[in-house]
Amino acid sequence: MSTTTLIVGSGFVGRAVAARLAARGGTPVLASRTPPPEDTAPWVRLDATDADACAQVVESVRPDRLVLVHGPSDVTWCEADPERAIALHSAAARHLTAAARGRRTVLISTDNVFDGSGPDNDEATPTAPANAYGRAKLAAERIVGTAPDATVLRVSLVYGWEPADCAKWLNFFAACAHRLRAGERVEAPHDQWTTPVLVADVAAVTAAVLEPGAPGLLHLGGPDRVSRAEWAAAIADGLGVPRTRVTPVPRAAGRYASRPAHTCLTSTLLDEVLRRHGLRVRGVAEGVRALLEAAP
Ligand SMILES: NC(=O)C1=CN([C@@H]2O[C@H](COP(=O)(O)OP(=O)(O)OC[C@H]3O[C@@H](n4cnc5c(N)ncnc54)[C@H](OP(=O)(O)O)[C@@H]3O)[C@@H](O)[C@H]2O)C=CC1
Ligand SMILES: Cc1cn([C@H]2C[C@H](O)[C@@H](COP(=O)(O)OP(=O)(O)O[C@H]3O[C@@H](C)C(=O)[C@@H](O)[C@H]3O)O2)c(=O)[nH]c1=O
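For what it's worth, our numbering labels the leading residue of the sequence shown as 11, then goes sequentially.
So, in structure tokens, the structure goes:
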């Protein structure tokens, strides 16, 4: 019988997880406050900060397991109202953990739980969030981590196509690719380092850790450690536009001041998970090639 997965958050990452599970014969159900723009999977309305609504949705969907991949995900928004960001993530984590009643749960968390002193962060690196978004996600991790069968999957900068006219803040790849294609210039920090991961690879690893036997905490970073300026240059290379269209700027000069400098994710556990499930995480050049072959 098909396994039903309730995916709370029907945004960029949530929809990719739904597509992966559906492609493998599963039954994903997306949940969020407003309907997703595409018809990826069945959808139910849910405000995860409402305890009764969480209980009712779990009662009606009857999922075998849950993926928590909801917002707020806008780092700048969280920084403007830190208490609200922390309260929203904490409430959702509490209500969904209670509603799950011991069902297997995967929380997608972030590299922003680290202070950025780096250079690399594995599962044993002490957390020390440098911004409100990181504090909010760490609060959620601590709540979900108390559940009997939960995995916290920390992911570094996710990338993939999102439409240029999408109402939300675009991921870095999509923002850069749309601008470079339109002949515009891109300014990107040379002092902000991450390990970007293709959204399809995030979805594949999420599906893998939904299976029994996954570690309770797992880091997922791509194999390449790049500054935003290098990342933008790799996107320019893929598009065949000159790298001179990318201007490296200091992180603190613009809206990136609340972003930690080094949030590269490394792992002592990921290789074993990938091996067990026959998966591979692509580097940025291969990821960009794959996206351009499937360009919208
Ligand atoms: N993108 C990235 O690079 C990374 C993302 N993550 C984590 O993954 C998660 C998703 O990221 P991403 O897909 O990029 O974000 P998006 O902003 O694309 O999607 C967020 C989704 O959450 C929903 N949502 C927000 N608030 C609530 C709520 N109260 N109840 C139910 N649903 C809600 C939104 O819909 P609506 O507003 O209609 O409810 C939307 O569907 C976030 O938790 C983020 O922390 C972690 C690491 C990296
Ligand atoms: C670098 C750069 C980005 N941008 C745009 C691209 C994008 O739409 C927006 C924010 O870019 P960032 O990718 O830096 O967003 P940021 O919010 O820092 O990214 C984070 O997202 C959260 C959810 C996470 O958990 C982190 O892992 C990380 O991926 O700013 C510019 O307009 N100009 C620029 O020079």
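We put the beta carbon where it would ideally sit given N, CA and C, even for glycine. The structure presented is a predicted model; accordingly, all values stated were derived computationally and were not measured.
heavy atom of ligand 1 below 7 Å from residue i C-beta
i, result
"R43", "yes"
"L301", "no"
"S83", "yes"
"S119", "yes"
"T161", "no"
"L167", "yes"
"H80", "yes"
"A28", "no"
"F183", "no"
"V18", "yes"
"D57", "yes"
"A102", "yes"
"G155", "no"
"F22", "yes"
"L227", "no"
"L280", "no"
"L220", "no"
"L98", "yes"
Selected residue, minimal CA-CA separation from residue i, among the options
i, options, result
"F182", "F22, V123 and G193", "F22"
"A142", "R114, R94 and L16", "R94"
"E48", "S20, D125 and A246", "S20"
"I17", "R113, W203, W87 and R299", "R113"
"A174", "V251, R189 and L167", "R189"
"A101", "T86, L148 and E69", "L148"
"S166", "D57, G250 and S83", "S83"
"D281", "A32, L208, P45 and P225", "P225"
"G155", "A103, T204 and G193", "A103"
"W171", "T257, A210 and T137", "A210"
"V251", "V39, A192 and P38", "A192"
"A33", "V236, T13 and R164", "T13"
"T86", "M11, W53 and K178", "K178"
"H272", "W53, H287, E133 and W203", "W203"
"V196", "R255, L301 and L228", "R255"
"E240", "G223, T44, P206 and A218", "P206"
"A194", "A244, T257 and E133", "One detail in the question is off: residue 194 reads as Glu in this sequence, not Ala. The option with the nearest alpha carbon to E194 is T257."
"A218", "C186, R238, V77 and T135", "V77"
"R261", "L275, A244, V168 and R238", "R238"
"I118", "L228, C186, R253 and Y169", "L228"
"L275", "V236, L40 and D201", "V236"
"G223", "A97, R269 and L284", "L284"
"A138", "E89, N122, D247 and L40", "N122"
"W53", "D60, T37, A61 and T59", "T37"
"L302", "R145, P46 and L208", "L208"
"V215", "L279, I245, A61 and A187", "L279"
"G144", "R286, A187 and G81", "G81"
"M11", "G35, A140, D57 and R25", "G35"
"P92", "H200, R152, A146 and L40", "A146"
"A243", "S277, H287, P270 and V298", "V298"
Rounded Cβ spacing between residue i and residue j (contact assumed at less than 8 Å)
i, j, result
"L349", "T15", "Beyond the ends of the chain as shown, which are 11 and 306, falls residue 349; an answer cannot be given."
"V79", "V27", "6 Å"
"D74", "T115", "With a Cβ gap of about 11 Å, D74 and T115 do not count as contacting."
"V9", "A213", "Summary: the structure shown does not reach residue 9, with the chain confined to residues 11 through 306, and so no result is reported for it."
"A29", "H99", "Between H99 and A29 the Cβ distance is about 25 Å, and since that is not below 8 Å, they are no contact."
"T313", "R164", "Residue 313 lies beyond the residue range present for the chain, which begins at 11 and ends at 306; the question has no answer from this structure."
"E89", "S268", "5 Å"
"C186", "I96", "The Cβ separation is near 30 Å, so there is no contact."
key: Contiguous alpha helix (DSSP H) assignments of at least 4 residues, all confined to the region 18 to 62   = 22 to 33
query = Is there contact here, the region 230 to 241 with the region 279 to 292, by at least three beta-carbon pairs under 8 Å?
reply = yes
request  = Note down, one range per segment and in chain order, each beta strand (DSSP E) of at least 3 residues found wholly within the region 58 to 92.
outcome  = 75 to 78
inquiry  = Quick check: the region 60 to 77 against the region 99 to 110, are at least 3 beta-carbon pairs closer than 8 Å?
reply    = yes
Those runs of the alpha helix (DSSP H) which lie wholly inside the region 163 to 242 and span at least 4 residues = 182 to 191 and 209 to 219
query = For the 8 Å Cβ check, are there 3 or more pairs between the region 175 to 195 and the region 114 to 131?
reply = no
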